[in-house]
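Notes follow once the structure below has been shown.
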Amino acid sequence: GALYALGLIHANKGGAGDSSTISYLSEALLNGGNNEIVQHGACLGIGLAAMATGNEALFESLRSVLFTDSAVAGEGAAFAIGLVLLGQSDAP
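Heads up: the sequence shown runs through residues 33 to 124, numbered per my numbering.
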């Protein structure tokens, strides 16, 4: 919940997807291990903070979470991918 809230606070302020908030959330996603709840919150936070940046590195890390065998984390990753790629008609 806290990672999602951090994303809400910093929603759409990600610039080119390289802000300190996005870095923090990305580290939380990597360090979350197999904890579905942490992955879900970190993915949603990344999606909100990096909204419409089209950052390919974030897309790849979110896609790797999406392809895990976890419905909870996968749902968060799917929403986050949609938010990151918002308005990017020529992105992957």
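The C-beta atom is built at its ideal place from N, Cα and C for all residues, glycine as well.
Please read these numbers as outputs of a predicted model, since none were measured by experiment.
Unbroken alpha helix (DSSP H) run spanning residue i, endpoints
i: G106; result: A103 to V116
Span separating the alpha-carbon of residue i from that of residue j
i: I54; j: G114; result: 16 Å
i: N63; j: Y56; result: 10 Å
i: F99; j: G65; result: 15 Å
i: G33; j: A112; result: 15 Å
i: S52; j: H42; result: 10 Å
i: L94; j: K45; result: 19 Å
i: L40; j: A89; result: 21 Å
Contacts around residue i, its chain only, beta-carbon distance under 8 Å, and the 5 residues preceding and following it disregarded
i: S121; result: none
i: A35; result: The question names Ala, yet the displayed sequence has Leu at residue 35. Here the set comprises L57, A60, V70, G73, A74, L76 and G77.
i: L118; result: M83 and A84
Other residues of its chain near residue i: CB distance less than 6 Å, five sequence neighbours each side excluded
i: G108; result: H72, C75 and L76
Quiz item: Between the region 80-87 and the region 100-107, do three or more beta carbon pairs fall short of 8 Å?
Solution: As far as the Cβ criterion goes, the region 80-87 does not touch the region 100-107, which means the pair count is below three.
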